[in-house]
Structure formats: structure tokens, C-alpha cells
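Student:
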């Protein structure tokens with residue numbers, strides 16, 4: 065059961081999750097795919113100097129062709145789609161030349177990932193059979209691993225969402241036992257006020273830059289995290305309660 | 065950033081997620097910890113002949129001491145706690161002899177895992193500093209990887225819960241864009257009726273035994289999956305909608 069070998073195939077496309085930051089959180093399958101690819105697409109936001117995903121995989125890169133694809137960091141559907149349409153053309157072109165093409169993405173390819181825009185476009189050209197998703201450890205899991213407290217037990221419900229709209233966050237507090245917020249870095253003040261209202265401030269855990277060496281910061285309770293300006297890559301876990309077996 | 069070495073330490077306890085089934089979904093860190101442990105605790109349900117987690121890691125086992133811990137598969141708080149109290153005593157005892165002890169668990173140690181009962185007990189004996197959680201790929205991620213459709217994009221909310229109580233599942237349909245149900249194998253009929261009511265039957269994907277070689281079964285739409293008796297390890301993903309950037 066354990067030792068089925070994953071075949072990396074010519075002309076196929078692999079969306080590979082590389083985890084949150086430290087290279088040793090890659091799976092063996094991800095390493096296998098990366099090493100056996102001819103072309104690796106590394107997303108890079110317009111604001112950053114280099115691709116974080118590329119940094120994570122650098123120990124597994126030798127003679128693969130590396131393409132850093134710059135994408136806009138705006139919440140603009142149109143700009144984002146145009147950027148990824150260009151990337152999809154490049155990917156499909158290489159696959160049609162019978163090359164193995166990988167796009168590396170932070171975390172998991174199916175969880176708030178840049179892949180989402182590429183996959184349906186490539187599917188039209190290559191067909192679903194030539195597309196493979198390699199799951200990766202999410203920032204949520206890496207953040208939770210800093211604490212003894214499990215995310216879910218027994219009948220708990222876990223909700224993962226963006227921490228951008230406090231009205232929606234407030235609704236979610238009533239419908240799950242564990243709430244996880246991504247992208248909450250800019251709203252920690254509002255979140256603090258909201259959690260105080262429900263007496264949940266001490267139940268929050270904040271991890272900035274999970275698994276990024278030298279940059280990871282961990283807080284129990286939200287108050288101290290408020291003073292931290294670590295910004296974008298913030299994951300907040302709020303333990304609201306437990307739902308036991310009935 | 066990528067190459068911080070994870071130190072496996074004597075006298076420490078590691079809760080290691082081994083993913084859903086295939087050995088190549090272990091992370092490099094998990095392999096490192098397993099290889100460098102003196103004692104490995106492998107949970108095994110009373111009903112099964114051998115530990116599934118042990119099967120997954122067998123390529124990384126040489127001279128480590130293997131302890132198969134049999135636990136009850138009932139939803140009984142008392143029986144479960146008693147069983148894990150015994151396991152915790154064994155673990156703490158070995159750690160106090162300065163051995164490196166690992167418990168392997170399917171999926172991720174913090175997501176509906178058997179670890180949940182052990183961690184607080186061991187924390188009392190060893191202290192939190194000697195306990196480490198190594199995240200693993202969840203069945204949810206492995207199931208989702210079979211499809212092109214992402215779990216979450218933009219402002220989507222994802223809720224993960226047990227598929228045991230249809231009244232709660234119905235509520236959740238209204239509060240997230242993607243709903244994932246674990247342990248829904250016995251309730252697929254009721255779930256089918258519920259999803260039909262909301263015209264969501266075709267939006268469901270069912271994966272039985274994700275990443276278990278020769279046992280994995282994949283269904284788009286719930287109707288066909290109803291006839292399958294693959295049972296316990298069922299993961300259902302329901303795509304309810306998308307929530308775009310505002």
C-alpha cells in the first residue's frame with residue numbers, strides 16, 4: 065500500500081505545493097516531480113525581489129529551466145487573469161513540446177493559490193488527464209503545529225477564510241469551533257475588538273511567516289501581536305469551543 | 065530561508081503526520097524524524113489487523129522499536145481516554161529514558177487525529193518544549209488533488225466537519241463556499257437527499273480511501289458513490305459557490 069511509485073510524465077503539467085517556507089516540509093512526491101521536470105514556473109509578486117517558492121526548492125534545482133512569472137498583487141480579477149493567461153500559454157507551449165512542466169506554489173495548490181487561474185486554461189489545451197495536483201502543507205497546518213492544541217477533534221467544525229471582512233468573521237464565530245483566518249495582517253486591530261466582544265481574545269493564536277526561517281513570529285492572544293508589523297503572511301487561529309461526540 | 069535543518073532531539077516526543085496513504089506524501093521532515101527515532105508508536109484500531117500508519121512508513125523503519133497501540137474505535141470519551149492514557153505513559157516513560165519517541169498518525173496530527181488525547185497528558189510530564197508536531201498531508205487535500213477545481217479562491221470560506229449529522233451539514237451549506245465532510249461513508253444516502261434539495265448533488269465529489277493504492281475510488285456527483293460500500297474513509301467535497309473579491 066505504501067510504495068506505489070508516482071510516475072512523472074513527459075508533456076504533463078504538475079501544480080506542486082511546496083509548503084509554507086522550510087524546504088523540509090516538501091513531500092517526497094513534490095521533490096520527485098521537481099527534480100524530474102524540465103521547466104519550472106515560479107510565481108513572483110510584482111512587489112518582491114525574488115520568488116519565495118523558488119527559494120524553497122533551490123536545493124532540488126539543477127538543470128531545469130526556471131521561469132519566474134511576475135503576477136500582480138492586486139485584487140483585480142482582470143489584471144490577475146491576463147497575467148495568468150500569459151503563464152498558461154507558456155506552460156501549455158512547453159507541454160506540447162513534450163516537456164514536463166511544474167508550477168510551484170506556496171502551501172497547497174488548491175488552497176488560495178495562484179494555480180486557480182491557470183488550471184482551467186491549461187485544461188482546455190492539454191486535457192485534464194495531463195494535469196496533476198501535488199498537495200502541500202498549508203500555512204494553516206504549519207501555524208497550528210506550533211501549539212499543543214489540536215485544530216479539530218471529535219465533531220468540531222473548522223472554517224478557513226480570509227480575515228478581510230469583520231462582519232463575515234463575526235458570523236463565522238457562531239458556526240464553527242475553530243476559525244482560521246488568512247490575510248488578516250492588516251485587520252488585527254479590528255479583529256482584536258471583535259474577539260474581545262465575545263471574550264475570545266485569549267483564544268486566538270497568531271503566527272506570522274510560518275516556517276520562514278528567522279521571520280516566524282508566534283503569539284498566544286491577539287494583544288501582543290497587534291504591535292507586530294510582520295504584515296501579509298499572518299495566520300490567525302481562534303479556538304471558539306469544542307463539539308463533542310453526541 | 066529554505067535550508068534550516070530540523071533537529072531531532074533525545075528525550076523529545078514527535079507527533080508525526082504521515083499523510084493519507086501513499087508513502088511519498090510524507091514530508092522530508094517526517095522521514096527525518098521517523099528515521100532518527102528510537103521508539104515509534106503506531107496506532108491501530110481494535111478492528112484492524114495491522115496499523116495503517118505503520119504500513120505507510122515501513123520503508124523508513126530499520127532498528128527502531130515499534131509499539132502498535134490498539135485503541136477503541138467507539139465514540140466513547142471514557143474508553144478512548146483510558147486507552148490513550150496508557151499510550152501516554154509508555155511514551156513519557158521512554159522520553160524520560162532520553163529516547164526519541166514518535167507517534168505516527170494518518171493525515172495531520174492536529175486534524176481529527178488520535179494525538180489529540182495524548183498531547184495534553186504528555187505535556188504535563190514532559191513540558192511543551194519537548195513536544196513537536198510535524199504536519200502531514202490531510203485526506204482532504206489528497207482527495208481534492210484528484211480534481212482540477214480548487215478548494216478555495218479569493219474570498220471563499222471552507223468548512224471541514226464530520227458528515228454525521230445532516231441537520232448540521234444543512235446549516236453549513238449556507239455559511240461556506242466549499243464544504244468538506246469526513247466520516248460521511250455511512251450517511252451518503254441522507255447526504256444525497258439533502259444535496260438534491262439544494263440542487264447541489266452534481267457539485268459533490270466523493271473520494272474513498274484517498275491515496276491508498278488499489279483502494280482509492282473517485283466519484284463526481286453523489287449518486288454513483290451511493291452504491292459503493294467503501295465505507296469509513298470517505299471524504300466528500302461539496303462546491304457550493306465562489307465568493308469573489310468585493
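Chains as they are written, first to last, in my numbering: chain A, 65 to 310; chain B, 65 to 310. For glycine and all other residues, C-beta sits at the position ideal for the given N, C-alpha and C.
Terminal residues of the continuous alpha helix (DSSP H) containing residue 179 of chain B?
Tutor: For the purposes of this step, residue 179 of chain B is taken as the residue at position 115 of the second chain. From DSSP, the alpha helix (DSSP H) with residue 179 of chain B extends over 179-190.
Student: Checking contacts by CB at 8 Å: is residue 248 of chain B closer than that to chain A?
Tutor: Residue numbering aside, residue 248 of chain B sits at position 184 when the second chain is read from its first letter. Cβ-Cβ to chain A under 8 Å: no for residue 248 of chain B.
Student: Measuring only the C-alpha atoms, how far is residue 302 of chain A from residue 224 of chain A?
Tutor: As a first step, residue 302 of chain A must be located in the first chain, where it is residue number 238. As a first step, residue 224 of chain A must be located in the first chain, where it is residue number 160. Rounded to the nearest angstrom, the two C-alpha atoms are 11 Å apart.
Student: Around the Cβ of residue 145 of chain A, are there at least 16 other Cβ atoms within 10 angstroms (buried) or fewer (exposed)?
Tutor: The sequence position of residue 145 of chain A within the first chain is 81, counting from 1. Exposed, since its Cβ has fewer than 16 Cβ neighbours within 10 Å.
Student: Inspect the beta-carbon positions of residue 275 of chain A and residue 136 of chain A and report whether they are closer than 8 Å.
Tutor: Position 211 of the first chain, counted from the start, is the residue given in the question as residue 275 of chain A. Position 72 of the first chain, counted from the start, is the residue given in the question as residue 136 of chain A. It is not a contact, given that the beta carbons lie outside the stated cut-off.
Student: With a 10 Å radius around its C-beta and 16 neighbouring C-beta atoms as the bar for buried, classify residue 236 of chain A as buried or exposed.
Tutor: Locating residue 236 of chain A in the first chain gives position 172, counting from the first residue. Residue 236 of chain A comes out buried.
Student: For residue 137 of chain A, which three-state DSSP category applies?
Tutor: Residue mapping note: residue 137 of chain A aligns to position 73 of the first chain, counting from 1. Three-state DSSP puts residue 137 of chain A in coil, outside helix and strand.
Student: Give me, in chain order, the residues of the same chain whose beta-carbon lies closer than 8 Å to that of residue 290 of chain B; leave out the 5 immediate sequence neighbours on both sides.
Tutor: Along the second chain, one-based indexing puts residue 290 of chain B at 226. Contacts found: 252, 253 and 256.
Student: Measure the C-alpha to C-alpha separation of residue 296 of chain A and residue 285 of chain A and round it to an integer number of angstroms.
Tutor: On the first chain, residue 296 of chain A is found 232 positions in, with the first residue counted as 1. On the first chain, residue 285 of chain A is found 221 positions in, with the first residue counted as 1. Each residue's Cα considered, the two are about 19 Å apart.
Student: Could you check whether the Cβ of residue 305 of chain A sits closer than 8 Å to any Cβ belonging to chain B?
Tutor: Here residue 305 of chain A is taken as the residue at index 241 of the first chain, counted from 1. It does not; no Cβ of chain B falls within 8 Å.
Student: Can you pull the chain B residues whose beta carbon is under 8 Å from the beta carbon of residue 165 of chain A, in chain order?
Tutor: One-based indexing of the first chain puts residue 165 of chain A at position 101. By Cβ distance, chain B contributes nothing, its closest Cβ being about 16 Å from residue 165 of chain A, past 8 Å.
Student: DSSP three-state call for residue 167 of chain A: helix, strand or coil?
Tutor: Stepping through the first chain from its first residue, residue 167 of chain A is reached at position 103. Three-state result, residue 167 of chain A: strand.
Student: Are there three or more Cβ pairs, one per stretch, closer than 8 Å when the segment 75-82 of chain B is compared with the segment 192-207 of chain B?
Tutor: Output reads yes: the segment 192-207 of chain B touches the segment 75-82 of chain B.
Student: Return the CA-CA distance between residue 140 of chain A and residue 230 of chain A, expressed in angstroms with no decimal places.
Tutor: Residue numbering aside, residue 140 of chain A sits at position 76 when the first chain is read from its first letter. Residue numbering aside, residue 230 of chain A sits at position 166 when the first chain is read from its first letter. The alpha-carbon atoms of residue 140 of chain A and residue 230 of chain A are separated by roughly 21 Å.
Student: Using DSSP bridges, identify the partner residues of residue 225 of chain B.
Tutor: Looking up residue 225 of chain B in the second chain gives position 161. The partner list for residue 225 of chain B (beta bridge, DSSP) reads B/245.
Student: 8 Å is my cut-off, CB to CB: does residue 77 of chain B come that close to chain A?
Tutor: Walking along the second chain from the start, residue 77 of chain B turns up at place 13. Not closer than 8 Å to any Cβ of chain A, the Cβ of residue 77 of chain B fails to qualify, so no.
Student: In the DSSP assignment, find the beta strand (DSSP E) that holds residue 79 of chain A and state where it starts and stops.
Tutor: Here the question's residue 79 of chain A lines up with position 15 in the first chain. Counting along the chain, the beta strand (DSSP E) containing residue 79 of chain A begins and ends at 77-81.
Student: With 16 as the cutoff for other CB atoms within 10 Å, does residue 167 of chain A come out buried or exposed?
Tutor: Here residue 167 of chain A refers to the residue found at position 103 when the first chain is read from its first residue. The residue in question, residue 167 of chain A, is buried, as its Cβ has 16 or more Cβ neighbours within 10 Å.
Student: Compute the distance between the beta-carbons of residue 133 of chain A and residue 107 of chain A, then report whether it is under 8 Å.
Tutor: Here the question's residue 133 of chain A lines up with position 69 in the first chain. Here the question's residue 107 of chain A lines up with position 43 in the first chain. Going by C-beta atoms, residue 133 of chain A is nearer than 8 Å to residue 107 of chain A.
Student: Find the residues of chain B that neighbour residue 226 of chain A, judging by a C-beta separation of less than 7 Å, and give them in chain order.
Tutor: Here residue 226 of chain A refers to the residue found at position 162 when the first chain is read from its first residue. In chain order: 219.
Student: Restricting to Cα atoms, I'd like to know which of B/164, B/228, B/258 and B/208 is closest to residue 310 of chain A.
Tutor: In the first chain, the residue the question calls residue 310 of chain A occupies position 246. Comparing Cα positions, the closest option is B/228.
Student: How would you list, in chain order, the residues of chain A whose beta-carbon sits under 7 Å from the beta-carbon of residue 88 of chain B?
Tutor: As a working note, residue 88 of chain B is residue 24 in the second chain. Simply 70, 91, 92, 93 and 96.
Student: Just curious, the alpha helix (DSSP H) that residue 117 of chain B is in, first and last residue?
Tutor: Translated into the one-based positions of the second chain, residue 117 of chain B becomes position 53. Here the alpha helix (DSSP H) through residue 117 of chain B covers 116-121.
Student: Mapping the DSSP letters down to three states, classify residue 42 of chain B as helix, strand or coil.
Tutor: Chain B is shown from 65 up to 310; residue 42 of chain B falls before or after that span and cannot be answered.
Student: Using the Cα positions of residue 243 of chain B and residue 153 of chain A, report the straight-line distance between them to the nearest angstrom.
Tutor: Locating residue 243 of chain B in the second chain gives position 179, counting from the first residue. Locating residue 153 of chain A in the first chain gives position 89, counting from the first residue. Approximately 32 Å between the Cα atoms of the pair.
Student: Is any heavy atom of the ligand ZN found at a distance shorter than 7 Å from the C-beta of residue 166 of chain B?
Tutor: The ligand ZN is not among the ligands present in this structure, which contains no ligands whatsoever.
Student: Can you pull the DSSP bridge partners for residue 269 of chain B?
Tutor: To locate residue 269 of chain B, count along the second chain from 1; it is residue 205. Per DSSP, B/284 and B/301.
Student: When the Cα of residue 280 of chain B is compared with those of B/298, B/264, B/90 and B/263, which residue comes out closest?
Tutor: Counting from one through the second chain, the residue named residue 280 of chain B turns up at place 216. Out of B/298, B/264, B/90 and B/263, B/298 has the C-alpha closest to the C-alpha of residue 280 of chain B.
Student: Leaving out five residues before and five after residue 72 of chain B in sequence, what residues of the same chain have Cβ atoms less than 8 Å from its Cβ?
Tutor: In the second chain, residue 72 of chain B corresponds to position 8, counting from 1. So the qualifying residues of the chain are 78, 96, 97, 100, 101 and 164.
Student: Going along the chain, which residues of its own chain have a beta-carbon closer than 6 Å to the beta-carbon of residue 22 of chain B, five neighbours each way excluded?
Tutor: Outside the displayed span of chain B (65 to 310) sits residue 22 of chain B, for which this structure offers no information.
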